[in-house]
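Asker: Chains as they are written, first to last, in our numbering: chain G, 1 to 650; chain E, 651 to 971; chain S, 972 to 1259; chain H, 1260 to 1440.
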Amino acid sequence: MSDHKIGVYVCHCGSNINGVVNCAKVTEEIGKIGEVVVAKDYKYMCSDPGQEMIKNDIKEKGLDRVVIAACSPRMHEPTFRRALEGAGLNGYLLEMANIREHVSWVTKDKEEATKKALSLVKGAVKRVKLHEPIEEREVPVTNTTLVLGGGISGIQAALQVAEAGHKVYLIEQKQYIGGNMAKFDKTFPTLDCAACILTPKMVDVGQSPNIELYTSSEVIKVDGYVGNFTVTVREKPRYINHDKCTGCGDCASACIMKNRIPHEFDEGLSKRSAAYIPFPQAVPLKAVIDDGNCLFLTRKKCTLACVKACGAKAINFNQHETIHEFKVGSIILATGFDLFDAKRAPQYGYGRYANVINGLQFERMTNASGPTSGHITLADGTEPKSVAVIHCVGSRDENYNKYCSRVCCMSSVKFAHLVKDHCDAEVYEFYIDMRTFGKGYEEFYNRVQEEGVHFVRGKGAEVAQIDGRLVVIAEDTLLGQYREIPVDMVILNTALEPRVDAEKVAQTLGISRSGDGFFMESHIKLDPVTTTTDGIYLAGCCQSPKDIPDSVAQGSAAAAQSLAIIATGKVKISPISASIDSEQCAGCRICIGLCTYRAIKLNEETLRAEINEAVCKGCGTCAAGCPSGAIRVSHFNDDQLLAQIEGVLA
Amino acid sequence: MAPKLQLAIYWAAACGGCDVAILDTDEKILNIAEAADIVLWPIAMDFKYEDIYKMEPGSIDVCLFNGAIRTSEQEELAKALRARSKFMIAFGACAAWGGIPSLANLTNREGIFNTVYKETATTINEEDIRPDTNYPGPEGELHLPRIYDRVWSLDQVVDVDYYVPGCPPTPETIWTAILAIVTGNLPPKGTVIGGTKSLCDTCEREKTEKKITQFKRPFEIIADPKKCLLEQGLVCCGPVTRDGCGHRCTNNNMPCRGCYGPSEKVSDQGAKLLNAIASIMDVKDEKSAQELAATWEDPAGTVYRFSLAKSLIYDYKKGGE
Amino acid sequence: MVAYQYYPGCSLHASARDYDESVRGVLGHLAIKLEEVPDWNCCGATITPSLNQLQSQILPARNLALAAENRGDLVVPCNACYMSLKKVQHNMVKYKEIREGVIDIFSQAGLSLTGMPEVRHLLEMIMEDVGLAKVKEMVTKPLKDLKIVSYSGCQLVRPLGFDDPEDPQALDQLMEALGAKVLPFSQKSHCCGSSLMTTQPELAFKMVDSILEEAKKVGAEMVVVTCPMCQLNLDAYQGQINNKFNRTGQLPIIYFTQLMGLAMGLSKSQLGIQRGIVSSNKALEKIV
Amino acid sequence: MFKDFTSEIMSYPGGEKITACMQCGTCTGSCPTSHAMQYTPRRLISLIRANQRDTVLQSLDIWKCASCYSCTTRCPRGIKFTDIMYILKNLAWKEQSKMENKNIAGFYNAFQGLIEKRGRMNEAELIMKYSFQTNPVKLLEFAPLGMKMLLKGRAAFSAPSVRNQVQLQKIMKLAQERGGE
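As structure tokens, this is what we get:
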């Protein structure tokens, strides 16, 4: 028999636990176990006096193991580890039994709850005996940052890190930065001109000596771990020599595909050439050659009018893709969102009826530098006399996305205002609930109500075309009546969705996604910026739909996270990690494919698997999958787990 | 000359293959006979219970006990022999981990009786007669052993000194065990006579990253003799099984069935293998996982073919009824 | 010869005799064998479920049980029957209490549910098993210049149907394969009113009128249907509806199998085409 | 019994998700007959949740459902409102006193009667039975259409039925006896 001295501390958590679990009874029962030298219950174990009590017992009674029955270890394990360390005991000689989330919050019957709590504590006691002291490690940090995505939140993050004097690699998939915000005309609630507030930031990015901008680029591989990532980036050929191109647009005018290709930046509302300037404020302001539509690149059949027209001799069809490798300390993900394709909800007629458009198309229409020079027009060029805005298309809907896209109520109200402002048509807003929660938002809603917009409480069910006129069919739920409202134009305010390549990006970076498909934060309330992978942070709509103020705030927050580890110069790595007994490893390779963090590699010489303990997160997936039992996770090994189960079942 | 070894060989719930395996040591059986007096061997010689009960404690040097424990008689004999033997050896997969008989633990006594005495197509038993432990015969009441609700391994009912794995143990393994005893060159108590690595470790087939896209049965394909069988969709127990058998199955292009029991660091052979296989199934979601799993015939019987009695999913430490 | 089990449903033995004739004609021509489910009964349509839920499970379930005695998928030409059968099958899998209730009642009447065949609408079977390539191959008289709208109705595509519930595509594709010109039509899966035509005609009239009016406006010469209920409401009541709403012009309502037959060279009479209340002779002039 | 009408509806297959309704009115907007309803589908859900059992079951609106399943397909909260309509009709039918419309009652009675009797439907017979049960004058209204159908060979006067009528009647009766749930 081992002769441990175990202290058990049962926390009441006020009435959170003690209201259901009889803590005194648990304490009394557990005190009867031989090796338990101290068993105490207390109102708030995490409080200073609570921690002091534990520390004193360790010192005075020579405890060598501690069990705390309280809340989730996610909440207070670090607190109690520090307490143990304060008393000179290794922090990992602690085991927590979660009798709050796992017992008192989910059990009604008090007797049952007390019984279950006791079982869990018994399991913890059995287990803690097998705990071993382990030490956290520190590794140095590379003081550069990679920002993935050049929308508003990525720009904000990049600028902030750069301003602090540190190097940033900004990677953007498109040929220009600015993201979706660059397409907007006005922003709610202040009706600031989007270009006026965004363009200076874009220019700063282009000019900052600390920012290296890579457009037309994507991350293809990420190796390493917090503080020490190696990121591989593929830069696609642009066929334009950026040093020579002046952004004059002569190539665009000369291109024989002129006015034949739907322009993405205008959401298909205008046509462009195969060689073109994306938009007048683009950063970098360089011509782009669309390799999917360029006749020379696709069929080698073209008169090369662009080459002849280019005075700067900037066009070079011999460019190839370039692979870059960056060493960075942290990565900020700001890859944004995709707009829900309204064709997936055919009842709204998008793609079938010319005057049914989506929100981004409307943004382009009202933008002074957009396809209609800021005029709101119908397909026949006339101004609409009535416009409907349908909220929640693809949002709050089990058939598409269950979540609320958060920005649509406000952007819809903004659309209504812009319609009133531009052409004074009647506007009908079809909404389920008005969600105007931000600073100045309710006031803006109020203002637009006063402008005479009709707010119909009812989700647009269908858009029909009757005698050439669009008709929105919905129930006016406040009237309790079925209504058919004829209009000239329908704006579908569609959902913000995870980007189509979100899964690929998540795999490349080794991070998780939540049920809605957006990248997952490590705690939705208290840690909304970090991912479950240390050193990878989130900003903007890739984490969840959000408006510009929130995207900017999160961009700054992510920058602060990145700067924090640069400032510390080193990062702590959890000592909980897997290790491989090379005697028992058969080299079967099962573990390699299982590791989400790519911490396991096969040693080609010994034909045994090896774990990079700095990359390992100690998740245990490999240990569970390892058929020969060669992999052991410290602090979570089989003996400890089986002892715990035996204790619980005893 | 040292006194001859007093050797007992007993069988419980077993097929008899282990006894035959002893004969399979060929000419070495003569060496065994030279070194040992066989004091008990029901398959080969005539003995009565009284003969055993008459023996003094410690009068048997080595008892090679094969077969699992599933009746009261087997438990009683195991205990009687244990009391009289210096070394108790769980001989063969059944004695060591329950073996194939312990697959009966997937059901219980009632379930087995229903199948045997009621449900099979050829059974006619209108009065639903079931075996009974007491039978009033003309010569007086007869007592029959009771069948237990579940099957146990030998070490779940008595203390065991060594394990000789295999279904049946190979002649080489048997000889190694006997040699160790005869020469007195004994390993630590509890040792399993066999390799120390997993079969997969010493297997020479080429391994790449594993992904199972479809489960196959050995008769369905002719496996590539150079490549890992698991990667070809055949469920091979090699990764979780102790080596030492000489790769008899895999050398003949058949997947390992796991008869040498769990390898050194494996506590539950079936669970470990199930876990490993689940990890390499090439699936995206629950539905495709179910579809792929459905192509696997008899998973429990495959991963636990020889070790269900020792599975952690049962209360694996207690034995007897 | 590929064999299927066939559940015609009550209408196809009476008011939709033409549908039955054309189904048998076309499938015979395609060398597909139909075996009528022995002693089938009415599916209960939308009436029985309104009155008694258990009975509404029992009726289709008996058909499924009878069909399970033979092999092959169960092919259903009527949207309402298709939905009823498929829904019960779905419920029996999803709800234990329904499954056990049905099995228990069956056991008291000497019926056993040994399995359930796959329930498929005739259109689904033609699209998936025969395939458009084969259909195109069989066309000898393309329906050139015949302008149609395809009207799938509701219960073919909702709630468990095989096509998009808002904008079904299968019937369009099949008609295009026959050479017809399929016009854009927003009411493809709108409702014809079904039994409301008898109990509350004022509601059903409006629904049918809206369908017919859009079909006329887009320039259709015929409306193609997949369901005897839709056909009856759109065809037989068209006169009364035209009177009520002062509409002009008549539109023939034709089963998709009838057009398939014509395109494959079968005769009008073989396909029951003369049985339409609104005559399709004029519309079909150019192809026959 | 049930705590309230909501839990009663939730106890039937298809009624489970009624509490998830967010009153967006998609059901009403998708319904081809809601324009003629006093209580739209969304309001019926509200009434159920407000425990107004009699108001709901006595409403003729529940008999206006054409079972087109548009509401069910489009409901953003996954409520199977068509199924709920069936549940409501079942309850109203069981408590016959709550059924006021003679035409509706007559038609449903005629249809159900034919099935229970013979197992198969015949439209001509249905119409005759329905007319006699409600207002024989109706027969005159149906006559011109009936004649047309007859001329086109689309009316069958012989009464079709299943062969094993005993079995069919037995299972229908057993189902009826079990409270029609």
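Built from N, CA and C at the ideal position, the CB exists for glycine as well.
Identify each residue in the segment 1133 to 1153 of chain S for which the Cβ-Cβ distance to at least one residue of chain G is less than 8 Å, and report them in chain order.
Answerer: Cβ contacts with chain G: Asp1135, Glu1137 and Asp1138.
Asker: Going along the chain, which residues of the segment 447 to 479 of chain G sit with their C-beta nearer than 7 Å to a C-beta in chain S?
Answerer: Correct list: Ala464 and Gln465.
Asker: Which residues in chain H sit within 8 Å of S/Asp1010, going by Cβ to Cβ distance?
Answerer: Counted from its first residue, the third sequence places residue 1010 of chain S at position 39. Within chain H, the residues near S/Asp1010 are Val1421, Arg1422 and Asn1423.
Asker: Just grab the DSSP bridge partners of G/Val356 for me.
Answerer: Taking the first residue of the first sequence as position 1, residue 356 of chain G is located at position 356. Note: G/Val356 sits in a beta bridge opposite G/Val490.
Asker: Using Cβ-Cβ distances below 9 Å, what residues of the segment 898 to 918 of chain E are close to chain G?
Answerer: Listed by position, the residues of the segment 898 to 918 of chain E near chain G (Cβ gap below 9 Å) are Pro912, Ser913, Glu914, Lys915, Val916 and Ser917.
Asker: So which residues on chain G does H/Thr1287 lean against when the C-beta distance must stay under 7 Å?
Answerer: In the fourth sequence, residue 1287 of chain H corresponds to position 28, counting from 1. In chain order: Glu475 and Tyr482.
Asker: With H, G and I counted as helix, E and B as strand and the rest as coil, what does DSSP make of G/Phe188?
Answerer: For the purposes of this step, residue 188 of chain G is taken as the residue at position 188 of the first sequence. DSSP places G/Phe188 in coil when its eight states are reduced to three.
Asker: In chain order, what residues of the same chain have a beta carbon less than 7 Å from the beta carbon of S/Ser1251, not counting five sequence neighbours either side?
Answerer: In the third sequence, counting from the first residue as 1, residue 1251 of chain S sits at position 280. Hits under 7 Å: Met1193, Pro1223, Ile1225 and Ile1244.
Asker: To the nearest angstrom, how far is the alpha carbon of E/Lys678 from that of E/Trp825?
Answerer: For the purposes of this step, residue 678 of chain E is taken as residue 28 along the second sequence, with counting starting at 1. For the purposes of this step, residue 825 of chain E is taken as residue 175 along the second sequence, with counting starting at 1. Their backbone Cα atoms lie some 8 Å apart in a straight line.
Asker: When burial is assigned at 16 or more other CB atoms within 10 Å of the CB, is E/Glu947 buried or exposed?
Answerer: Working through the second sequence from its first residue, we reach residue 947 of chain E at position 297. Exposed, by the Cβ-count rule.
Asker: I'd like to know if the segment 772 to 792 of chain E and the segment 728 to 744 of chain E are in contact, where contact means that at least 3 CB-CB pairs between them fall below 8 Å.
Answerer: Segments in contact, no.
Asker: Going by the DSSP bridge assignment, what does G/Cys193 pair with across the sheet?
Answerer: Here residue 193 of chain G corresponds to residue number 193 of the first sequence, with the count starting at 1. Paired residue(s): G/Lys186.
Asker: For E/Leu849, which three-state DSSP category applies?
Answerer: Taking the second sequence and counting its residues from 1, the one referred to as residue 849 of chain E is at position 199. Of the three classes helix, strand and coil, the one that applies to E/Leu849 here is helix, per DSSP.
Asker: Taking S/Asp1180 as the reference, which of S/Cys1162, S/Ser1166 and S/Gly1190 has the closest Cα?
Answerer: As a position in the third sequence, residue 1180 of chain S is number 209, starting the count at 1. The shortest Cα separation from S/Asp1180 among S/Cys1162, S/Ser1166 and S/Gly1190 belongs to S/Cys1162.
Asker: Where does the unbroken beta strand (DSSP E) through E/Gln656 begin, and where does it stop?
Answerer: Numbered from its first residue, the second sequence carries residue 656 of chain E at position 6. Taken as a continuous stretch (DSSP letters only), the beta strand (DSSP E) holding E/Gln656 covers Leu655 to Trp661.
Asker: For the beta strand (DSSP E) that contains G/Gln465, what are its first and last residues?
Answerer: Mapped onto the first sequence, residue 465 of chain G falls at position 465. Unbroken beta strand (DSSP E) run through G/Gln465: Glu462 to Ile466.
Asker: Starting from the beta carbon of G/Pro627, find every residue of chain E whose beta carbon is closer than 8 Å, and list them in chain order.
Answerer: Translated into the one-based positions of the first sequence, residue 627 of chain G becomes position 627. Ser848, Cys850, Pro889, Val890, Val916, Lys922, Leu923, Asn925 and Ala926, listed in chain order.
Asker: Give the straight-line distance between the Cα atoms of E/Ile659 and E/Tyr964, rounded to the nearest whole angstrom.
Answerer: On the second sequence, residue 659 of chain E is found 9 positions in, with the first residue counted as 1. On the second sequence, residue 964 of chain E is found 314 positions in, with the first residue counted as 1. Cα to Cα, the separation comes out at about 29 Å.
Asker: Is there at least one Cβ from chain S nearer than 8 Å to H/Ile1268's Cβ?
Answerer: Numbered from 1 along the fourth sequence, position 9 holds the residue referred to as residue 1268 of chain H. Chain S, which has no Cβ nearer than 8 Å to the Cβ of H/Ile1268, makes this no.
Asker: Which whole-angstrom value is the C-beta distance of G/Ile580 and G/Glu613, which I expect to be below 8 Å?
Answerer: Counting from one through the first sequence, the residue named residue 580 of chain G turns up at place 580. Counting from one through the first sequence, the residue named residue 613 of chain G turns up at place 613. In fact, because the Cβ distance is near 10 Å, the residues do not count as touching under 8 Å.
Asker: If you drop the 5 nearest sequence neighbours on each side, which residues of the same chain put their C-beta closer than 8 Å to that of E/Gly888?
Answerer: The residue labelled residue 888 of chain E in the question sits at position 238 within the second sequence. Around E/Gly888: Ser848, Leu849, Cys850, Cys853, Leu879, Leu880, Thr900, Pro905 and Cys906.
Asker: State the beta-bridge partners of S/Thr1165 as determined by DSSP.
Answerer: Here the question's residue 1165 of chain S lines up with position 194 in the third sequence. In the sequence as presented, Thr is not what sits at residue 1165 of chain S; that position holds Ser. DSSP lists no partner for S/Ser1165.
Asker: Less than 7 Å between C-beta atoms, sequence neighbours within five positions excluded: which residues of the same chain meet that for S/Ala1141?
Answerer: Start at 1 with the first residue of the third sequence, and residue 1141 of chain S comes out as number 170. Leu1094, Met1098 and Asp1134, listed in sequence order.
Asker: By DSSP, does E/Val670 sit in helix, in strand, or in coil?
Answerer: For the purposes of this step, residue 670 of chain E is taken as the residue at position 20 of the second sequence. Helix.
Asker: Please go through the same chain and pick out, in chain order, the residues whose beta-carbon is closer than 7 Å to the beta-carbon of E/Asn784, but skip the five residues on each side of it.
Answerer: Counted from its first residue, the second sequence places residue 784 of chain E at position 134. Hits under 7 Å: Glu791 and His793.
Asker: Whole beta strand (DSSP E) runs in the segment 392 to 420 of chain G with 3 or more residues, listed along the chain?
Answerer: Fully enclosed beta strand (DSSP E) runs of 3 or longer: not present.
Asker: In chain order, what residues of the same chain lie with their CB nearer than 8 Å to the CB of H/Ala1446, ignoring the 5 residues before and after it?
Answerer: No information on residue 1446 of chain H is available, as it lies outside the stretch 1260 to 1440 that chain H covers here.
Asker: Go through its chain and collect everything with a Cβ distance to H/Gln1392's Cβ below 7 Å, but skip five positions before and after it.
Answerer: Here residue 1392 of chain H refers to the residue found at position 133 of the fourth sequence. The answer, listed in chain order, is Gly1365, Asn1368 and Ala1369.
Asker: Let me know if G/Leu479 comes out buried or exposed under the rule of 16 or more other beta-carbons within 10 Å of its beta-carbon.
Answerer: Locating residue 479 of chain G in the first sequence gives position 479, where the first residue counts as 1. G/Leu479 is exposed by the Cβ-count criterion.
Asker: I'd like the ranges of any beta strand (DSSP E) spanning at least 3 consecutive residues and lying wholly in the segment 1136 to 1196 of chain S.
Answerer: Whole beta strand (DSSP E) segments, 3+ residues: 1193 to 1196.
Asker: Since I believe E/Ala959 is in contact with E/Ala718 (beta carbons under 8 Å), could you give me their beta-carbon distance rounded to a whole number of angstroms?
Answerer: On the second sequence, position 68 is the one that residue 718 of chain E refers to. On the second sequence, position 309 is the one that residue 959 of chain E refers to. So it is a contact: roughly 6 Å between Cβ atoms.
Asker: Answer with buried or exposed for G/Gly555, where buried requires no fewer than 16 other C-beta atoms within 10 angstroms of its C-beta.
Answerer: Within the first sequence, residue 555 of chain G is the residue found at index 555, counting from 1. Buried.
Asker: Could you tell me which uninterrupted alpha helix (DSSP H) segments, each at least 4 residues in length, are contained entirely in the segment 435 to 459 of chain G, listed from first to last along the chain?
Answerer: Here the runs fully enclosed are 441 to 450.
Asker: Does the structure place the segment 1100 to 1107 of chain S close enough to the segment 1059 to 1071 of chain S that three or more beta carbon pairs sit under 8 Å?
Answerer: Segments in contact, no.
Asker: In chain E, which residues lie with their C-beta within 8 Å of the C-beta of G/Ile592?
Answerer: Locating residue 592 of chain G in the first sequence gives position 592, counting from the first residue. Glu859, listed in chain order.
Asker: Have a look at H/Arg1437 and H/Met1269 and give me their C-alpha separation to the nearest angstrom.
Answerer: The residue you call residue 1437 of chain H lines up with position 178 of the fourth sequence. The residue you call residue 1269 of chain H lines up with position 10 of the fourth sequence. If I take the Cα positions, the gap works out to 19 Å.
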